[in-house]
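Residue numbers (this note's numbering), protein chains in the order written: chain A, 68 to 180; chain B, 3 to 113.
By construction, the Cβ of each residue, glycine as well, lies at the ideal position given by its N, Cα and C atoms.
Structure, as structure tokens:
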């Protein structure tokens with residue numbers, strides 16, 4: 068079946084612009100996670116959605132970052148007024164119920180010039 | 003604060019050799035996951051370890067979990083070049099974000 072998809076696969080933007088990154092989880096998966104991975108680094112947790120519960124936003128690095136999940140499916144991560152340090156790969160993952168193997172999308176590579 | 007450590011962080015080994023990657027964590031957990039990431043790619047699941055003493059094997063890789071020692075190992079037998087990748091462990095926690103990842107071990111298998 069279809070896996071986790073993310074779009075765009077690559078995004079180049081200018082400092083100060085806003086960007087939106089999209090994640091389409093596996094159908095039926097109730098939990099969705101966003102991570103950030105800088106070049107050669109590990110995974111930095113950003114935000115977690117579980118069903119209709121309030122999201123866990125504890126990993127968002129600043130108020131320029133926000134995310135929403137509509138209808139319990141597709142999620143959008145928005146970065147406002149992008150900075151060069153926002154350049155990274157943004158990974159999305161989903162799980163069926165929350166505490167199971169995560170299935171990762173291919174990531175969005177963001178470059179802020 | 004939960005800490006997940008991996009060692010080594012970088013590992014260069016010759017084909018045919020054996021080696022072990024260690025994942026230590028600082029809180030009680032009875033579930034642990036191993037993932038593989040190829041350069042420029044996303045993460046893919048390797049193993050799910052669901053209880054103390056669990057052992058899983060796939061090809062040249064074998065993972066084990068000791069929840070009392072808060073330690074998981076990923077053992078590589080007779081390494082081949084195709085195993086070159088970064089390996090992450092992730093500890094399951096029953097609250098919040100559910101998973102905490104280790105920093106990753108970058109493995110390079112040389113001919």
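Under 9 Å between beta-carbons, which chain A residues line up against residue i? List them in chain order, please.
{"i": "residue 47/B", "result": "168, 169, 170 and 171"}
{"i": "residue 10/B", "result": "The contacting residues do not exist; residue 10/B stays about 14 Å from chain A at best."}
Using a Cβ-Cβ distance under 8 Å, would residue i count as near chain B?
{"i": "residue 116/A", "result": "no"}
{"i": "residue 110/A", "result": "yes"}
Report yes if the CB atom of residue i is closer than 8 Å to the CB atom of residue j, and no otherwise.
{"i": "residue 157/A", "j": "residue 93/A", "result": "no"}
{"i": "residue 2/B", "j": "residue 22/B", "result": "Here chain B comprises residues numbered 3 to 113, so residue 2/B is not present and cannot be evaluated."}
{"i": "residue 98/A", "j": "residue 164/A", "result": "yes"}
{"i": "residue 91/A", "j": "residue 148/A", "result": "no"}
{"i": "residue 113/A", "j": "residue 103/A", "result": "yes"}
{"i": "residue 74/B", "j": "residue 67/B", "result": "yes"}
{"i": "residue 81/B", "j": "residue 62/B", "result": "yes"}
{"i": "residue 27/B", "j": "residue 13/B", "result": "no"}
{"i": "residue 111/A", "j": "residue 180/A", "result": "no"}
{"i": "residue 31/B", "j": "residue 94/B", "result": "yes"}
{"i": "residue 104/B", "j": "residue 6/B", "result": "yes"}
{"i": "residue 17/B", "j": "residue 112/B", "result": "yes"}
{"i": "residue 50/B", "j": "residue 35/B", "result": "yes"}
{"i": "residue 88/B", "j": "residue 39/B", "result": "yes"}
{"i": "residue 127/A", "j": "residue 154/A", "result": "no"}
{"i": "residue 96/A", "j": "residue 161/A", "result": "yes"}
{"i": "residue 1/B", "j": "residue 107/A", "result": "No information on residue 1/B is available, as it lies outside the stretch 3 to 113 that chain B covers here."}
Is the CB of residue i under 8 Å away from at least one CB in chain A?
{"i": "residue 44/B", "result": "yes"}
{"i": "residue 50/B", "result": "yes"}
Residue i versus chain B: which residues are under 7 Å apart at the beta carbon?
{"i": "residue 132/A", "result": "Within 7 Å Cβ-Cβ: nothing; residue 132/A doesn't reach chain B, min ~15 Å."}
{"i": "residue 165/A", "result": "100"}
List the residues of chain A that residue i touches, going by C-beta distances under 8 Å, in chain order.
{"i": "residue 99/B", "result": "100, 112, 115, 123, 125 and 126"}
Can you list the residues of chain B that residue i reaches, using a CB-CB cut of under 8 Å?
{"i": "residue 174/A", "result": "44"}
Under 9 Å Cβ-Cβ, which residues of chain B neighbour residue i?
{"i": "residue 158/A", "result": "44 and 45"}
Identify the contact partners of residue i in chain A, using a Cβ-Cβ distance below 7 Å as the criterion.
{"i": "residue 105/B", "result": "109"}
Against chain D, does residue i count as a neighbour if the rule is that its beta carbon must be under 8 Å from one of theirs?
{"i": "residue 93/A", "result": "Included in the structure are the protein chains A and B, with no chain D among them."}
Whole beta strand (DSSP E) elements within the stretch 98-152 of chain A, 3-residue minimum: 98-104, 111-117, 132-136 and 142-146
Cβ-based contacts, 8 Å cut-off: residues of the stretch 9-35 of chain B near chain A: 33 and 35
The stretch 77-98 of chain B: positions lying closer than 8 Å to chain A by Cβ: 90, 92, 94, 96 and 98
Complete alpha helix (DSSP H) runs within the stretch 38-63 of chain B (minimum length 4 residues, chain order): none
In chain order, each beta strand (DSSP E) run of at least 3 residues that lies wholly inside the stretch 69-112 of chain B: 73-78, 87-94, 101-103 and 107-112
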